[in-house]
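Novice: Mind looking over this structure? Questions follow.
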Amino acid sequence: MKGRIEKVRAILKERQLDAIITGHAVNRRYISGFTGSAGVVIVSMDQAVLLTDFRYIDQAQAEAPDFTVINHQRDEKGAIFTQLQAMGVKRLGFEKQAVSFALYEEWNTHFKGIELVPTEGMFEQLRMIKDESELAIVKEAVRIADEAFTHILSYLKPGIRERDVALELEYFMKRNGAEAAAFDIIVASGERGALPHGRASDKTIQSGEMVTMDFGALYKGYSSDITRTVAVGEPEPEMKQIYEIVLRAQRNGVEKIRAGMTGREADALTRDVIAEAGYAEQFGHSTGHGLGLQVHEAPGLAMSSTTVLQPGMLVTVEPGIYVSGLGGVRIEDDVVITENGCEILTRSTKELLILPV
């Protein structure tokens, strides 16, 4: 974590802050390594401190060796103020999107002589670029999801409930190393495929239906996110045509995305293909999103995104077409941006699979 701490200090210097404080669970974990559910991190130009309660002291010392761990006893605000005084902090940055107004008022009242300075996106900016240790963890999360997809192909058949498919995917991923499913698993079959976020229901899969499955594995805090659409029996001709359009768009996205383009330009790689095929109105979400300690994080691959892609960014590429009353198709890969393109982490086939019934 030392490298991350130094990057935070560079931002502190740039913004003329003496220290930054965060109790945001994801950012606290990112900067310190501490996975407990309670605690506050303070990073200054020469110190890194983690305050937590007696339940987590041993855990914090083991997980956050680059931090001084302090038991704040039963007076967290008092312990924080004492620590800030000892560190000589006069200008304290805080995450305005993670601190409630009530907490801000308490700090502003309690932290006498300290100026509270709102910041935005400090940790999120750093988290966009994954280091090698993060990518190694994500690759394992992706491997688990890929294996789950291979497994579920032998499970899918007419008469199976969407909910049972989701349960089987989650069970397989947990049995093979995942802490949990990364998010509520989407299984949408037949006409329900037109629901981009059609969480698994009690509907049974019928012969000839397309089934969209969007799932991921949570592994050591990091998430994978994969979507594949398969046919259970021979699908309708229009659905096969839609599949080929989405596949063409998705392949164009992963083949041409690269460092230096904006999120808007990356989004256009898939959106333009679908629009040219006449389905612009049936593709209503963004092409992709960042992935890491959160399933959805920066950067976004969207029409509104001006973020410039950089090597080390981890994003999804997931165009889709959704036709009400007919069904839908989405195909999603997890990719790492490189100097000359991207590295596709997900290995599951994207060719249309028509499963026997």
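One rule links them: number in the working numbering = place in the sequence shown (from 1) + 1.
Built from N, CA and C at the ideal position, the CB exists for glycine as well.
(1) Exposed or buried, what is Ala281 when buried is set at 16 or more other beta-carbons lying within 10 Å of its beta-carbon?
(2) Check each candidate in Val212, Leu248, Gln207 and name the one with the smallest Cα separation from Ile186.
(3) How would you call Phe150, buried or exposed, if buried means at least 16 neighbouring beta carbons within 10 angstroms?
(4) Alpha carbon to alpha carbon, what distance is there between Arg162 and Leu154?
(5) Considering only DSSP beta bridges, list what Met211 is partnered with.
(6) Hey, out of Arg16, Phe55, Leu127, Gly94, whose CA is closest to Gly4's CA?
(7) Would you decide whether His25 is buried or exposed? Buried here means 16 or more other CB atoms lie within 10 Å of its CB.
(8) Does DSSP put Phe284 in a helix, a strand or coil?
(9) When the distance is taken between beta carbons, is Pro119 closer than 9 Å to Gly331?
(10) Quick one: what's Met314 bridged to in DSSP?
(11) Anyone know if the C-beta pair for Gln84 and Val50 falls short of 9 Å?
(12) Distance, Cα to Cα, Gly199 vs Val324?
(13) Thr205 bridges to which residues according to DSSP?
(14) Alpha carbon to alpha carbon, how far is Arg229 from Leu353?
(15) What residues match up with Asn72 in a beta bridge as DSSP calls it?
(16) Within 10 angstroms of the Cβ of Phe102, are there 16 or more other Cβ atoms? Answer buried if so, exposed if not.
(17) Would Ala167 pass as a contact of Phe216 if the rule is Cβ separation under 9 Å?
(18) Quick check: the stretch 334-345 against the stretch 296-314, are there 3 or more CB pairs under 8 Å?
(19) Does the stretch 301-311 come within contact of the stretch 259-270, defined as at least 3 CB pairs closer than 8 Å?
(20) Is it buried or exposed, Glu15, if we count other Cβ atoms within 10 angstroms and call 16 or more buried?
(21) Does the distance from the C-beta atom of Leu18 to that of Leu93 stay below 9 Å?
(22) Could you tell me which residues DSSP pairs with Val309 in its beta bridges?
(23) So, are the CB atoms of Ala57 and Gly37 less than 9 Å apart?
(24) If you run the structure through DSSP and keep just helix, strand and coil, what is Ser33?
(25) Just to confirm before moving on: does the CB-CB distance between Tyr223 and Glu135 stay below 9 Å?
(26) Determine whether the beta carbon atoms of Gln207 and Val233 lie at a separation below 9 Å.
(27) What does DSSP give as the partner residue(s) for Pro119 in the beta ladder?
(28) Would you kindly check if the distance between the Cβ of Glu298 and the Cβ of Glu121 is under 9 Å?
(29) How about Leu52 and Ile81: are their beta carbons less than 9 Å apart?
Specialist: Well, looking at it:
(1) Here residue 281 is taken as the residue at index 280 of the sequence shown, counted from 1. Flag for Ala281 reads exposed.
(2) Stepping through the sequence shown from its first residue, residue 186 is reached at position 185. Nearest C-alpha to Ile186: Val212.
(3) Within the sequence shown, the letter at position 149 stands for residue 150. So Phe150 ends up on the buried side.
(4) If you number the sequence shown from 1, residue 154 lands on position 153. If you number the sequence shown from 1, residue 162 lands on position 161. In a straight line, the C-alpha of Leu154 is about 14 Å away from that of Arg162.
(5) Within the sequence shown, the letter at position 210 stands for residue 211. When beta bridges are read from the DSSP output, Met211 appears opposite Ala232.
(6) Numbered from its first residue, the sequence shown carries residue 4 at position 3. Nearest Cα to Gly4 within the set Arg16, Phe55, Leu127, Gly94: Leu127.
(7) Your numbering for residue 25 matches position 24 in the sequence shown. His25 counts as buried, since at least 16 other C-beta atoms from the protein chains shown sit within 10 angstroms of its C-beta.
(8) For the purposes of this step, residue 284 is taken as residue 283 along the sequence shown, with counting starting at 1. Of the three classes helix, strand and coil, the one that applies to Phe284 here is coil, per DSSP.
(9) Locating residue 331 in the sequence shown gives position 330, counting from the first residue. Locating residue 119 in the sequence shown gives position 118, counting from the first residue. Here residue 331 is Arg; the residue named in the question, Gly, does not match the sequence. No, they are not a contact pair.
(10) For this step, residue 314 is matched to residue 313 along the sequence shown. Paired residue(s): Ile130.
(11) In the sequence shown, the residue the question calls residue 84 occupies position 83. In the sequence shown, the residue the question calls residue 50 occupies position 49. Result yes, Cβ atoms of Gln84 and Val50 sit closer than 9 Å.
(12) Residue mapping note: residue 199 aligns to position 198 of the sequence shown, counting from 1. Residue mapping note: residue 324 aligns to position 323 of the sequence shown, counting from 1. For Gly199 and Val324, the distance between alpha carbons rounds to 13 Å.
(13) For the purposes of this step, residue 205 is taken as residue 204 along the sequence shown, with counting starting at 1. According to DSSP, Thr205 bridges with Arg162.
(14) Looking up residue 229 in the sequence shown gives position 228. Looking up residue 353 in the sequence shown gives position 352. Distance between the alpha carbons of Arg229 and Leu353: 9 Å.
(15) Working through the sequence shown from its first residue, we reach residue 72 at position 71. In DSSP, Asn72 forms a bridge with Thr53.
(16) What you label residue 102 is simply residue 101 of the sequence shown in a count that begins at 1. Exposed, because fewer than 16 other Cβ atoms sit within 10 Å of the Cβ of Phe102.
(17) Mapped onto the sequence shown, residue 167 falls at position 166. Mapped onto the sequence shown, residue 216 falls at position 215. Yes, they are a contact pair.
(18) Touching, yes, given that three or more Cβ pairs across the two stretches are closer than 8 Å.
(19) yes
(20) In the sequence shown, residue 15 corresponds to position 14, counting from 1. By the 10 Å Cβ count, Glu15 comes out exposed.
(21) The count along the sequence shown starts at 1 and reaches residue 18 at position 17. The count along the sequence shown starts at 1 and reaches residue 93 at position 92. Yes, the pair counts as a contact, with Cβ atoms nearer than the cut-off.
(22) Taking the first residue of the sequence shown as 1, we reach residue 309 at position 308. The partner list for Val309 (beta bridge, DSSP) reads Thr263.
(23) Your numbering for residue 57 matches position 56 in the sequence shown. Your numbering for residue 37 matches position 36 in the sequence shown. Correcting the residue identity first, residue 57 is Tyr in this sequence and not Ala. Yes, Cβ-Cβ distance for Tyr57 and Gly37 is below 9 Å.
(24) One-based indexing of the sequence shown puts residue 33 at position 32. Three-state DSSP puts Ser33 in a helix.
(25) Along the sequence shown, one-based indexing puts residue 223 at 222. Along the sequence shown, one-based indexing puts residue 135 at 134. Closer than 9 Å, so yes.
(26) One-based indexing of the sequence shown puts residue 207 at position 206. One-based indexing of the sequence shown puts residue 233 at position 232. Cβ distance < 9 Å, so Gln207 and Val233 count as in contact.
(27) Within the sequence shown, the letter at position 118 stands for residue 119. Under the DSSP definition of a beta bridge, Pro119 partners with Phe95.
(28) Counting from one through the sequence shown, the residue named residue 121 turns up at place 120. Counting from one through the sequence shown, the residue named residue 298 turns up at place 297. No, the pair does not count as a contact, with Cβ atoms beyond the cut-off.
(29) For the purposes of this step, residue 52 is taken as the residue at position 51 of the sequence shown. For the purposes of this step, residue 81 is taken as the residue at position 80 of the sequence shown. Going by C-beta atoms, Leu52 is nearer than 9 Å to Ile81.
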